[in-house]
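Since the structure comes first, as structure tokens, the remarks are kept for the end.
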Amino acid sequence: MSGILVIAEQRRGELRPVSLELLGAAAGLRRAGEEVAVAILSEAPDRFVAPLSVAGVDEIVTVKIGAAEFDPDIFESAVGALIAERRPQVVLVAHSVDSFGYAAALAARHAFGFATDVFRVERIDGELVATRGGYGQKVNVEVDFPGRDTVLLAIRGGSFKPPEQGASPRVTAFGAPPAQSRQTAREFIELSAGDDVDMTAAEFILTVGRGIGEEAKVAQFRELAEAIGATLGCSRPIADAGWLPKSRQVGQSGKTASACKLYIAMGVSGAIQHLAGMKHVGTVVAVNSDAEASIFGVAKYGIVGDVFEIADELRRLF
Amino acid sequence: MKILVAVKQVAALDEDFQIRGDGRDVDADFLIRDLNEWDDFSLEEAVKIKEAAAEPVQVVVVCVGSEEADESLRKCLAKGADRAIRVWDAAVEGSDSIAIARILAAVAKREAPQMLFAGVQSSDQSFASTGIAAAALLGWPHAAVVSSLTYAPGAKSAVLRRELEGGLLQEVEIQCPAVLTIQLGINTPRYASLRSIKQAAAKPIEVWSLADVALGAGDVGEAGSLSRVRRMYIPQKGRAQLIDGDAAQQAARLAEIIREFKGAAA
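Residue numbers (this note's numbering), protein chains in the order written: chain A, 1 to 318; chain U, 1 to 266.
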């Protein structure tokens, strides 16, 4: 058992950026002489050779599969066969929606060591140790994998830096055994119902969360956002309740505040899925009545107080 | 027809919680227990299917947990579950999500439902793996992060939408029986009426042992797990610079920050 195998992710012909973060994690973990291989599963895997040719990669394994997009049965079969042939000590996948669909199945079926949502991975006295969050990210949990020859880790997005481009790893094709799927992917659907706002382009965002309590309060914050010149966004519970359109949801399953420079979060507790969409923003101001809210962990400025009172006072100043 | 819904009683932490003496978990005295948020949605989805079906459908909730979990199971009974099963044995202590999945799969084998629902993840440990691991152990088709579902009980297939990252959905047709992990927002969970809460209090909760599902102590706990907790600790966190004062003073400072941003942007 040796070596690190990374499973890259693609969707609709594009390499998902988290794939490169996995390679960053592999580069940090590798020991002298240990090989890092990255596998890409696709109907046409060769097109991903160029973007995967980054520092620290020894080999790119192209795996041609009979599915245009992610399919849990086909992925489980192909990745399982690749692991059986290569016998790596560590396999890294993204903690992503696609991995949610097959990684646990793969681990359970083959009895690999397994941990998800891992944001740190290291060897302590030669033993592999992965760190993840627990109890709503209030604690860190170190897990190990006694007696497991192969360990599969699902890595949290945003935890590792992608390596530099411009290496020339060797390229190998892996012939995955034919696999039958028990499902058929139909089409992709973009969520943009009834709103033409583009959260990814907004430079100044005011976001409301569960803390605003009721739908009737949305109007107050919409008016405030307008007055201060911010784009109004929301966290998941607000969109799920239908108080604001899904297109305004910031977070993992919503939009990423890519262009944002000032982000004011009012009544947002800061679930990890929300943070994924905004924690990179340079200036985050969090307003929350709960001093222990996770959002204060990523904010530059914090206001512990009543969101409605702060909103009222702020409105008076514009 | 039967739909099995796997639920979990999750734990949130009290404000001044402490780590247990062995350093591997939080002291149980500081845990505040509740039904996992995701499971409210998977139960609702099952109950909706039952209500829309022409034939009788039984909705069965199953939970792996000690007696404390009965409170969450009663909540499920009040919200429309017909039966509640709780599986427990002291040997289950220390199980990871895969060991729990092994128990759920064994329950599904015995109950033989047409569908198994689980939440995408739990709000406390966020493994996002229990349902899909159970599917593998059952050998059933599976789909994760389902945000809409069209399914008639007993049908050979179902059509669902997977919620991907960045506001993208993917529609999938899947063979049944299947395991689906259900995402928040797929429906609007109902509130239990006072009457149904009273009725639920009188309903039995079936308590099963490992032997009832043909498992032994070695299949669960650390022996049946793929990972082991080595250490749990409170992380040093980055802290926001707090803006003090009364609401007017705090708002005034916030207004300054906004004007600085606008000045820089202009």
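Heads up, the beta-carbon is just placed ideally off N, CA and C, and yes, glycines get one too.
Against chain U: residues of the segment 250 to 273 of chain A by CB proximity under 8 Å: Those residues of the segment 250 to 273 of chain A that come within reach of chain U (Cβ to Cβ, closer than 8 Å) are 252, 253, 254, 255, 256, 261, 262, 264, 272.
Use the C-beta contact count for residue 207 of chain U: other C-beta atoms within 10 angstroms, 16 or more gives buried, fewer gives exposed. With a 10 Å radius around the Cβ and a threshold of 16 neighbouring Cβ atoms, residue 207 of chain U comes out exposed.
In chain A, which residues lie less than 8 Å from residue 123 of chain U when you measure between Cβ atoms? Near residue 123 of chain U (Cβ distances below 8 Å), the residues of chain A are 136.
Could you say which of A:307, A:52, A:2, A:252 lies nearest to residue 22 of chain A if we only look at CA atoms? If we check each option's Cα against that of residue 22 of chain A, A:52 comes out closest.
Give a yes or no on contact between the segment 171 to 178 of chain A and the segment 80 to 93 of chain A, applying the rule of three or more CB pairs nearer than 8 Å. These segments touch.
Residue 13 of chain U versus residue 143 of chain A: straight-line alpha-carbon distance, rounded: Going from the Cα of residue 13 of chain U to the Cα of residue 143 of chain A covers about 20 Å.
Distance cutoff 8 Å, beta carbons only. Does residue 217 of chain A sit that close to anything in chain U? Chain U has no Cβ within less than 8 Å of the Cβ of residue 217 of chain A.
Distance between residue 269 of chain A and residue 216 of chain A (C-alpha atoms, nearest Å): Residue 216 of chain A and residue 269 of chain A have their alpha carbons spaced roughly 20 Å apart.
Environment of residue 150 of chain U [buried if 16+ CB atoms lie within 10 Å]: Residue 150 of chain U is exposed by the Cβ-count criterion.
Give me the Cα-Cα distance between residue 114 of chain A and residue 96 of chain A, rounded to the nearest whole angstrom. Roughly 15 Å separates the two Cα atoms.
Tell me which same chain residues have a C-beta within less than 7 Å of the C-beta of residue 75 of chain A, skipping the five on either side of it? Result list for residue 75 of chain A: 41, 102, in chain order.
According to DSSP, is residue 307 of chain A helix, strand or coil? In this structure, DSSP gives residue 307 of chain A a helical state, which the three-state scheme calls helix.
Roughly how many whole angstroms lie between the Cα atoms of residue 47 of chain U and residue 196 of chain U? If you take the alpha carbons of residue 47 of chain U and residue 196 of chain U, they lie about 14 Å apart.
Per-residue burial, residue 107 of chain A [other beta carbons within 10 Å of its own, 16 or more giving buried]: Counting the other Cβ atoms within 10 Å of the Cβ of residue 107 of chain A gives 16 or more, which makes it buried.
Are residue 276 of chain A and residue 252 of chain A touching if we call contact CB-CB under 8 Å? Yes, these two residues count as a Cβ contact at 8 Å.
Spell out whether any CB of chain U is found under 8 Å from the CB atom of residue 108 of chain A. Cβ-Cβ to chain U under 8 Å: yes for residue 108 of chain A.
Let me know the secondary structure DSSP gives residue 186 of chain U once reduced to three states. Residue 186 of chain U: coil per DSSP, three-state reduction.
Identify each residue in the segment 225 to 244 of chain U for which the Cβ-Cβ distance to at least one residue of chain A is less than 7 Å, and report them in chain order. Taking 7 Å as the cut-off between beta carbons, the residues of the segment 225 to 244 of chain U near chain A are 226, 227, 228, 229, 230, 231, 232, 233, 234, 235, 237, 238, 239, 240, 241, 242, 243, in sequence order.
Interface residues of chain U facing residue 145 of chain A [CB-CB closer than 8 Å]: Counting only Cβ-Cβ distances below 8 Å, residue 145 of chain A has contacts in chain U at 226, 227, 228, in chain order.
Nearest-angstrom Cβ-Cβ length linking residue 43 of chain A and residue 171 of chain U, presumed shorter than 8 Å: In fact, because the Cβ distance is near 19 Å, the residues do not count as touching under 8 Å.
Closest Cβ-Cβ distance between residue 103 of chain U and chain A: below 8 Å? The Cβ of residue 103 of chain U sits no closer than 8 Å to any Cβ of chain A.
List the residues of chain U whose Cβ lies closer than 8 Å to the Cβ of residue 96 of chain A, in chain order. One finds 165 in chain U with Cβ atoms closer than 8 Å to the Cβ of residue 96 of chain A, taken in chain order.
Buried/exposed call for residue 237 of chain U, threshold 16 Cβ in 10 Å: Note on residue 237 of chain U: under 16 other CB atoms within 10 angstroms of its CB, so exposed under the neighbour-count rule.
Under the three-state reduction of DSSP, which class applies to residue 270 of chain U: helix, strand or coil? Residue 270 of chain U is absent from the model: chain U starts at 1 and stops at 266.
Nearest to residue 181 of chain A (by Cα), restricted to the options A:213, A:78, A:55: Nearest of A:213, A:78, A:55 to residue 181 of chain A, Cα basis: A:78.
Quick one: grab the DSSP three-state call for residue 48 of chain U. Secondary structure at residue 48 of chain U: helix, using DSSP grouped into helix, strand and coil.
Which whole-angstrom value describes the C-beta separation of residue 91 of chain A and residue 7 of chain A, a residue pair presumed to lie in contact below a C-beta threshold of 8 Å? Indeed they touch by this definition, with Cβ atoms about 7 Å apart.
Do residue 148 of chain A and residue 119 of chain A have their C-beta atoms closer together than 8 Å? Annotated as distal: residue 148 of chain A and residue 119 of chain A, with beta-carbon spacing of 8 Å or more.
What is the DSSP secondary structure of residue 280 of chain A, reduced to helix, strand or coil? Three-state DSSP puts residue 280 of chain A in coil, outside helix and strand.
Where does residue 194 of chain U land, buried or exposed, given buried means 16+ other C-beta within 10 angstroms? Exposed, since its Cβ has fewer than 16 Cβ neighbours within 10 Å.
Three-state secondary structure (DSSP) at residue 77 of chain A? In the structure shown, residue 77 of chain A sits in a helix (DSSP, three-state: H, G or I).
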